[in-house]
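Some notes on the structure that comes next.
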């Protein structure tokens with residue numbers, strides 16, 4: 001998997017010398033089962049079950065991709081890019097952490113919304129996410145209030161030339177990321 005990571009993303013985990021700045025700057029490190037520096041170290045050590053450990057980690061789904069870790073890394077190890085790869089690989093190998101099922105549902109729904117409308121369509125996103133995650137009645141009482149406040153639009157605003165957007169999606173998503181869709 002280490003070679004696949006490098007080929008797909010250009011991320012070289014061997015550059016990391018474990019300074020810990022990534023973990024110290026991560027706003028969600030406390031929520032992770034393995035911090036960013038731990039994940040990098042697991043790659044570096046290459047223990048027998050490291051792939052299953054990393055791909056089954058809740059951490060790869062909690063990562064916000066805020067890029068604070070990348071900005072602070074003295075070796076410029078692109079951890080957010082690595083996390084994207086790991087999420088796609090986790091889905092492809094069917095190793096997704098059970099605690100991350102709602103995050104995965106939201107991730108897929110968000111990308112679908114952007115792909116089909118060209119921008120975020122909140123009502124469609126909420127409806128599709130609730131259906132996909134089976135949380136159909138959760139937050140249902142908020143909808144009328146948000147609608148009357150003008151926060152929810154019933155119909156999406158479609159961008160012009162959505163075919164161009166489709167081409168962008170095809171170019172920007174590698175085969176591994178397509179597994180997430």
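Numbering (our numbering), first residue to last: 1 to 181.
By construction, the Cβ of each residue, glycine as well, lies at the ideal position given by its N, Cα and C atoms.
All values derive from a computational prediction rather than experimental measurement.
Query	Result
If you draw a straight line from the C-alpha of residue 175 to the C-alpha of residue 92, how long is it?	Note that residue 175 scores 47 on pLDDT, short of 50, meaning its location in the model is unreliable and no value can be drawn from it.
Output the distance between the C-alpha atoms of residue 61 and residue 77, rounded to the nearest integer angstrom.	19 Å
Kindly indicate the opening and closing residues of the alpha helix (DSSP H) around residue 129.	122–133
Pick from 104, 21, 165: whose alpha carbon is nearest that of residue 56?	104
Write down the C-beta distance between residue 133 and residue 69 rounded to the nearest angstrom, noting that I regard them as a contact closer than 8 Å.	Going by Cβ atoms, the distance from residue 133 to residue 69 rounds to 28 Å, so no, they are not a contact pair.
Could you tell me the boundaries of the alpha helix (DSSP H) in which residue 40 lies?	36–45
According to the Cβ coordinates, are residue 80 and residue 97 closer than 8 Å?	no
Could you tell me whether the segment 115–133 touches the segment 146–163, where touching means 3 or more Cβ pairs closer than 8 Å?	yes
Based on Cα-Cα distance, which residue from 52, 32, 162 lies nearest to residue 187?	In the structure as shown, the chain starts at 1 and stops at 181, and residue 187 therefore has no counterpart that could be examined.
Relative to the C-alpha of residue 85, which residue among 15, 127, 8, 167 is closest?	8
Taking only the alpha-carbon atoms, compute the straight-line gap between residue 127 and residue 19 and give it to the nearest angstrom.	43 Å
Under a three-way DSSP split, which group does residue 12 fall into?	coil
When the Cα atoms are used, what is the spatial distance from residue 112 to residue 88?	15 Å
For residue 150 and residue 6, what's the separation of their Cα atoms in angstroms?	46 Å
Nearest to residue 35 by CA position, among 14, 49, 58, is which residue?	58
Roughly how many angstroms separate the alpha carbons of residue 135 and residue 15, rounded to a whole number?	42 Å
Cα-Cα, which of 44, 167, 94, 130 is closest to residue 110?	130
In whole angstroms, give me the CA-to-CA distance for residue 41 and residue 101.	26 Å
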